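Visitor:
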Amino acid sequence: MPRESSALPAAVLFDMDGTLVDSEAYWMRAEHEIVAAHGATWTHEDALGAVGQALLTTGGMLRDAGVPLEPAEIVAWLVDRVNEQLREAVPWRSGVLELLGDLRAAGVPCAIVTMSYRSQAQVVADGAPAGTFAHLVTGDGVTHGKPHPEPYLVAADLFGARPEDCVAIEDSGPGITSALASGARTLGVPAEVPVPPRPGLSRAASLKQIDLDVLGRIASGEVIDLLG
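Read in this note's numbering, the sequence shown has 465 at position 131, and its numbers run on one by one without any break.
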């Protein structure tokens, strides 16, 4: 039997790239393209280091790697390129649409909390069933990006909820740091980079392992490790 609705989170706050959608490859492709266009060097390890970072941080990393543009110009180019790819196909991660459907049926609201810009988050939100995401918190809408807790604090506030009554789902180190620092119950699901254990962090290998019962347990303060 399903758990009582009182045991469920006040809201579920989803990171986007690598959590909702398998778009980190899109970002990496765009990064390699802009580097190649300017004869600079960008390794796979460099790309992994940019996962989960604020976009202007990534822009600065690419400038330091030899792209002769300002970070904001680099970000604008990356955003346009990734948007082109997202419009061709939204690569939902395994188990995402099923979980979103269960949450909607149970009346649990959801938000996207991402360091990508609103134009990208809107493309992803539009690719989900209408009304799936009540709010979008994006990198161009906050003062401090991940790993600062502001994005998750803003998201919880939009729902009129305490962060500790929400569950945040993340795939990257900066995102997990942001979510934990905000006080949100946090679930790490790895994509491009490993998710090592941390105090207070629940983990799973895939969102296919997550259902309303598991989310209710995490929301109640239980730390669950399904990653092994």
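Heads up, the beta-carbon is just placed ideally off N, CA and C, and yes, glycines get one too. These figures come from a predicted structure and were not determined experimentally.
Going by CA-CA distance only, name the one from G507, I446, A462, S453 that's closest to L487.
Guide: Closest option to L487, Cα to Cα, is I446.
Visitor: For a quick check, are the C-beta atoms of V501 and P485 less than 8 Å apart?
Guide: No, the Cβ-Cβ distance between V501 and P485 is not below 8 Å.
Visitor: Thinking C-alpha only, which one of E504, L546, A553, T520 is nearest Q387?
Guide: Looking at the Cα atoms, E504 is the closest of the given residues.
Visitor: Hey, how far is the Cα of D436 from the Cα of E358?
Guide: Rounded to the nearest angstrom, the two C-alpha atoms are 25 Å apart.
Visitor: Starting from F348, follow its DSSP beta bridges and name the residues at the other end.
Guide: Per DSSP, I446, I503.
Visitor: For T375, report the span of its alpha helix (DSSP H) as first-last.
Guide: T375 -> no alpha helix (DSSP H), and no H or E assigned at all.
Visitor: Hey, could you find the ends of the alpha helix (DSSP H) V471 is sitting in?
Guide: Taken as a continuous stretch (DSSP letters only), V471 belongs to no alpha helix (DSSP H), being part of the beta strand (DSSP E) at 469 to 471.
Visitor: Between the alpha carbons of M350 and L420, how many angstroms are there, rounded?
Guide: The alpha-carbon atoms of M350 and L420 are separated by roughly 12 Å.
Visitor: Could you check the C-alpha separation between L546 and A439 for me, to the nearest Å?
Guide: Distance between the alpha carbons of L546 and A439 is about 10 Å.
Visitor: How about V355 and W426: do their beta carbons lie closer than 8 Å?
Guide: In contact: V355 and W426 (Cβ atoms closer than 8 Å).
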